[in-house]
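Trainee: Line order of the protein sequences matches chains Z and L.
Using numbering that gives the first Met the number 0, the first residue of the first sequence is number 0, and each one after it goes up by one.
Using numbering that gives the first Met the number 0, the first residue of the second sequence is number 0, and each one after it goes up by one.
Backbone N, C-alpha and C define an ideal beta-carbon position, used for all residues, glycine too.
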Amino acid sequence: MSRKMISRRDFLKVASIAPLAGAFVPSLKAVGPAAGEKARVVLVRDANALDASGAPRPEVIQRMLDDAVCALFDTKDPAAAWKSTIRPEDIVGIKTNSWTELPTTSAVEQALKRGVMSAGVPEDKLAIDDRGVLRNPVFKNATALINARPARTHHWAGMGTCIKNYIMFVPAPSDYHADTCADLAKIWSLPHVKGKTRLNVLVVLTPLFHSVGPHGYNKEYTWPYGGLIVSRDPVAADATGLRVLLAKRREHFGQDRPLPMTPHHIFLADTRHHLGASSEDRIELIRLGRQEGSLI
Amino acid sequence: MIAQSRPSAGPMAGFIPRTIGPWLSEADHVYDAETIFQYIDGAGEVYRSYNMKLLVSRRFHKDGRADIVVDFFDMGSSEDAFGVFSHDLDGDDAKIGQGSNYKAGLLSFWKDRYFGSVYAEEETPETRAAVLDLGKRIAAAIPRNGPAPKLLAFLPPEGLDAGRTSFFHNHSILNYHFFVADGDILLLEQTASAVLASYETAGVKSRLLVVRYPDEAKAVRAYESFSRNYSPEAGRAGLVRTGDRKWTASARAGDIVIVVFNAESEMAAMNRLAAVESLIGEPGPPHT
Numbered sequence: 000m001s002r003k004m005i006s007r008r009d010f011l012k013v014a015s016i017a018p019l020a021g022a023f024v025p026s027l028k029a030v031g032p033a034a035g036e037k038a039r040v041v042l043v044r045d046a047n048a049l050d051a052s053g054a055p056r057p058e059v060i061q062r063m064l065d066d067a068v069c070a071l072f073d074t075k076d077p078a079a080a081w082k083s084t085i086r087p088e089d090i091v092g093i094k095t096n097s098w099t100e101l102p103t104t105s106a107v108e109q110a111l112k113r114g115v116m117s118a119g120v121p122e123d124k125l126a127i128d129d130r131g132v133l134r135n136p137v138f139k140n141a142t143a144l145i146n147a148r149p150a151r152t153h154h155w156a157g158m159g160t161c162i163k164n165y166i167m168f169v170p171a172p173s174d175y176h177a178d179t180c181a182d183l184a185k186i187w188s189l190p191h192v193k194g195k196t197r198l199n200v201l202v203v204l205t206p207l208f209h210s211v212g213p214h215g216y217n218k219e220y221t222w223p224y225g226g227l228i229v230s231r232d233p234v235a236a237d238a239t240g241l242r243v244l245l246a247k248r249r250e251h252f253g254q255d256r257p258l259p260m261t262p263h264h265i266f267l268a269d270t271r272h273h274l275g276a277s278s279e280d281r282i283e284l285i286r287l288g289r290q291e292g293s294l295i
Numbered sequence: 000m001i002a003q004s005r006p007s008a009g010p011m012a013g014f015i016p017r018t019i020g021p022w023l024s025e026a027d028h029v030y031d032a033e034t035i036f037q038y039i040d041g042a043g044e045v046y047r048s049y050n051m052k053l054l055v056s057r058r059f060h061k062d063g064r065a066d067i068v069v070d071f072f073d074m075g076s077s078e079d080a081f082g083v084f085s086h087d088l089d090g091d092d093a094k095i096g097q098g099s100n101y102k103a104g105l106l107s108f109w110k111d112r113y114f115g116s117v118y119a120e121e122e123t124p125e126t127r128a129a130v131l132d133l134g135k136r137i138a139a140a141i142p143r144n145g146p147a148p149k150l151l152a153f154l155p156p157e158g159l160d161a162g163r164t165s166f167f168h169n170h171s172i173l174n175y176h177f178f179v180a181d182g183d184i185l186l187l188e189q190t191a192s193a194v195l196a197s198y199e200t201a202g203v204k205s206r207l208l209v210v211r212y213p214d215e216a217k218a219v220r221a222y223e224s225f226s227r228n229y230s231p232e233a234g235r236a237g238l239v240r241t242g243d244r245k246w247t248a249s250a251r252a253g254d255i256v257i258v259v260f261n262a263e264s265e266m267a268a269m270n271r272l273a274a275v276e277s278l279i280g281e282p283g284p285p286h287t
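1. Indicate whether at least one CB of chain L lies closer than 8 Å to the CB of Z:K218.
2. Use the C-beta contact count for L:G13: other C-beta atoms within 10 angstroms, 16 or more gives buried, fewer gives exposed.
3. Can we say the region 46-56 of chain L touches the region 70-88 of chain L, given the rule of at least three CB pairs closer than 8 Å?
4. Ignore the nearest five residues each way along the sequence and tell me which others in L:P21's own chain have a CB closer than 6 Å to its CB.
5. Measuring alpha carbon to alpha carbon, tell me which of L:E188, L:Y113, L:Q97 and L:D89 ends up nearest L:L105.
6. Determine the contact status of L:F114 and L:V83, defining contact as a CB-CB distance below 8 Å.
7. Whose C-beta lies closer than 6 Å to the C-beta of Z:L274 among residues of the same chain, with five residues either side of it excluded?
8. Tell me which same chain residues have a C-beta within less than 7 Å of the C-beta of Z:H191, skipping the five on either side of it?
9. Closest Cβ-Cβ distance between Z:A22 and chain L: below 8 Å?
10. Helix, strand or coil: which one does DSSP assign to L:E265?
11. In its own chain, which residues sit with a C-beta less than 6 Å from the C-beta of L:K110, not counting the 5 before and 5 after it?
12. Should L:T241 be flagged as near chain Z, meaning a C-beta pair shorter than 8 Å?
13. Kindly say whether L:D70, judged by its beta-carbon, lies nearer than 8 Å to any beta-carbon of chain Z.
14. Please compile the residues from chain Z whose C-beta is within a distance smaller than 9 Å of the C-beta of L:V256.
15. So with CB distances below 7 Å, who are the chain L contacts of Z:W155?
16. Which residues in the same chain have their Cβ closer than 7 Å to the Cβ of Z:L67, if we skip the five residues on either side of it in sequence?
17. Residues of chain Z with CB under 8 Å from L:L173, in chain order?
18. Expressed to the nearest angstrom, what Euclidean distance is found between the alpha-carbon atoms of Z:N217 and Z:D232?
19. Go through the region 149-197 of chain Z residue by residue and report every complete run of the alpha helix (DSSP H) that reaches 4 residues or more, in order.
20. Taking C-beta to C-beta, are Z:D129 and Z:K163 nearer than 8 Å?
21. Consider the Cβ of L:G115: report whether some Cβ of chain Z lies at a distance smaller than 8 Å.
22. Would you grab the beta carbon distance between Z:L198 and Z:T84 for me? Rounded to a whole angstrom, and I think it's under 8 Å.
23. Please state whether DSSP places Z:R113 in a helix, a strand or coil.
24. Look at the alpha carbon of L:P16 and the alpha carbon of L:A233, and state the distance between them as a whole number of angstroms.
25. For L:K245, count neighbouring Cβ atoms within 10 angstroms of its own Cβ and tell me buried if that reaches 16, exposed if not.
26. Which value, in whole angstroms, describes the spacing of the CA atoms of L:E125 and Z:M63?
27. Hey, does L:G182 have any beta-carbon neighbour from chain Z nearer than 8 Å?
28. Please work out which residues of its chain come closer than 8 Å, Cβ to Cβ, to L:Q189, disregarding the five sequence neighbours upstream and downstream, and give them in chain order.
29. Would L:V275 be called buried (16 or more neighbouring beta carbons within 10 Å of its own) or exposed?
30. Quick one, which of Z:N47, Z:M4 and Z:L245 has its alpha-carbon nearest Z:R256's?
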């Protein structure tokens, strides 16, 4: 073992062990945005995002996404926001997540599709896919990627994240399972992915804050948060989503209850792989819409 | 994904009823340790870490009602069936098989070399009854019990929360239950077997870890690694006071390494170590 291990005792020296899983490595040397810069993250919520059955309302989701990209790109017009990051000649893959129990949802996918098309991309130059991205001709030729997935706890990686959503860009996902998915961010430097991602949307409409059973899903551990976390920086988006999940776990369980599997891939994406910013002090969080119950 | 693997799914499938009340079963899906990711993505690593052999998944459907899903695992040994069951101990004892939990529509149980999960996609009084009935019928169909991990016998009973003991083989699962270090400083390496137990004495909660290695030489290296990385200032007694003003003590006895975490006092830590050593049957200074 060549590197210094971080042990339970290291945390006991400085603080309670309780926030351990959530704040695993940010004490290491920080990298990401240049000094003085922050990664912008927009948290947009709407009390009407979901209908009585819990399904997303497409028109509300569209409005939330429009507001988010305007805030993210400092524009007043959603199309202008999209045009600032997508060119008409781009070939665009929208990487979604089709997990049966908690998918990205069609409402989010279609809102993103409309946004991309508002930048001038013809419909035949964009595709929405998850498990077929390596075979999808649009994704194979993509010049730009949009990344959207729901936030959830995960039995192995700790959390299902924007970073993790790109695991379908490798032929053998299990190759990245070592050390509870510590180095998922490596995927983002593969030639067919690197530098192409223009937007990340961590869907927090009905996040899953606790995993049980083989499938890790139980509706009891979801709640109608009614939000989207939108950022150009996947690490910052995920770190923000993690704060929401940990806060919900604290509220639900009545005590700090760290994620059992440490989602250290988020922090290592920052400290080891330099993909983005994970620490709160390097994230500019813009809050839009409903504030009640935001938890963070 | 129909069966393509080594152990036959036939006998396992035979343990699962074809119907449950008004629900009818759909076609079985069978996965092995290589294909499980197609069914439950990266979380399949949990089952692989317990050496799973085969999974038979059967969905029960009835129009107008929530589906019920049975995931029935052959873990290869009763120790690992217990182990994967012990991975998630939340819930109420449903008194099914050799150990069970039920919470919010999810039943987990183990018996012999099998681990079963029965899950209703929505919990109602009707689905709850169906889930429990399915579990009982599956467990009853398994012809025999299997032994629990032998390491459980080395846990001193005084103060033990017997329903919270976990069994595992690697440091990721150890950290799931109780974070020790971000690396495998105990050299579990999927070749060791370990139990992590919870104790409460006078309102103070502590943990006891007992690890058995494939041989004594490996235990020696593991103990040295743990001592070097976790408690380098400890003396021969392996005793240190940690930042939370509690005590950690460790020892090796043959091919077994013992660690007491979070003991309320030096004496409590040493007494628990001694109690384990006594149960192992190798009293006396274990340190080399």
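Mentor: Here's the rundown:
1. For the purposes of this step, residue 218 of chain Z is taken as residue 219 along the first sequence, with counting starting at 1. Using beta-carbon distances, Z:K218 counts as an interface residue toward chain L, with a partner under 8 Å.
2. Your numbering for residue 13 of chain L matches position 14 in the second sequence. Flag for L:G13 reads exposed.
3. Under the three-pair Cβ rule at 8 Å, the region 46-56 of chain L counts as touching the region 70-88 of chain L.
4. If you number the second sequence from 1, residue 21 of chain L lands on position 22. Only K61 meet the Cβ criterion.
5. Indexing the second sequence from 1 puts residue 105 of chain L at position 106. For L:L105, the nearest C-alpha among the options comes from L:D89.
6. For the purposes of this step, residue 114 of chain L is identified with residue 115 of the second sequence, where counting begins at 1. For the purposes of this step, residue 83 of chain L is identified with residue 84 of the second sequence, where counting begins at 1. Yes, the Cβ-Cβ distance between L:F114 and L:V83 is below 8 Å.
7. Taking the first residue of the first sequence as position 1, residue 274 of chain Z is located at position 275. For Z:L274, where only same-chain residues beyond five positions count, the Cβ hits under 6 Å are A184, W187, V234 and A268.
8. Counted from its first residue, the first sequence places residue 191 of chain Z at position 192. Hits under 7 Å: F168.
9. Position 23 of the first sequence, counting from 1, holds the residue named residue 22 of chain Z. With a pLDDT of only 42 at Z:A22, under the threshold of 50, the placement of this residue in the model should not be trusted, and no figure is reported.
10. Position 266 of the second sequence, counted from the start, is the residue given in the question as residue 265 of chain L. Here L:E265 sits in helix by DSSP.
11. Here residue 110 of chain L refers to the residue found at position 111 when the second sequence is read from its first residue. Once the five neighbours on either side are set aside, the close Cβ partners of L:K110 are G96, Q97, A138 and I141.
12. Sequence index remark: in the second sequence, residue 241 of chain L carries index 242 (1-based). Output row for L:T241: interface = yes.
13. In the second sequence, counting from the first residue as 1, residue 70 of chain L sits at position 71. Residue-level contact by beta carbon holds for L:D70 and chain Z, with a gap shorter than 8 Å.
14. As a working mapping, residue 256 of chain L is identified with position 257 in the second sequence. Those within 9 Å of L:V256 in chain Z number zero; the least Cβ separation is about 16 Å.
15. Looking up residue 155 of chain Z in the first sequence gives position 156. Residues of chain L passing the Cβ test: G41, A42, E44 and V45.
16. Indexing the first sequence from 1 puts residue 67 of chain Z at position 68. A quick correction: the sequence has Ala, not Leu, at residue 67 of chain Z. Excluding sequence neighbours, Z:A67 sits near V41, V43, L227, V229 and L287.
17. Taking the first residue of the second sequence as 1, we reach residue 173 of chain L at position 174. In chain order: nothing, as chain Z lies at least about 11 Å away.
18. Within the first sequence, numbered from 1, the residue matching residue 217 of chain Z stands at position 218. Within the first sequence, numbered from 1, the residue matching residue 232 of chain Z stands at position 233. Looking at the two C-alpha atoms, the distance is approximately 29 Å.
19. Counting whole runs of 4 or more residues, the region 149-197 of chain Z contains the alpha helix (DSSP H) stretches 177-180.
20. The residue labelled residue 129 of chain Z in the question sits at position 130 within the first sequence. The residue labelled residue 163 of chain Z in the question sits at position 164 within the first sequence. The answer is no: Cβ separation not under 8 Å.
21. Position 116 of the second sequence holds residue 115 of chain L. L:G115 does not count as touching chain Z.
22. By one-based count along the first sequence, residue 198 of chain Z stands at place 199. By one-based count along the first sequence, residue 84 of chain Z stands at place 85. Confirmed, Cβ separation roughly 7 Å.
23. Against the first sequence, residue 113 of chain Z aligns to sequence position 114. The answer is helix: DSSP assigns Z:R113 an H, G or I state.
24. Numbered from 1 along the second sequence, position 17 holds the residue referred to as residue 16 of chain L. Numbered from 1 along the second sequence, position 234 holds the residue referred to as residue 233 of chain L. Taking the CA atoms as reference points, L:P16 sits about 56 Å from L:A233.
25. For the purposes of this step, residue 245 of chain L is identified with residue 246 of the second sequence, where counting begins at 1. Label assigned to L:K245: buried.
26. Within the second sequence, numbered from 1, the residue matching residue 125 of chain L stands at position 126. Within the first sequence, numbered from 1, the residue matching residue 63 of chain Z stands at position 64. In this model, L:E125 and Z:M63 are separated by some 39 Å (Cα to Cα).
27. Working through the second sequence from its first residue, we reach residue 182 of chain L at position 183. Closer than 8 Å: yes.
28. To locate residue 189 of chain L, count along the second sequence from 1; it is residue 190. Closer than 8 Å at the Cβ level, and outside the excluded window around L:Q189, lie S48, H168 and N169.
29. Counted from its first residue, the second sequence places residue 275 of chain L at position 276. The residue in question, L:V275, is buried, as its Cβ has 16 or more Cβ neighbours within 10 Å.
30. The count along the first sequence starts at 1 and reaches residue 256 of chain Z at position 257. If we check each option's Cα against that of Z:R256, Z:L245 comes out closest.
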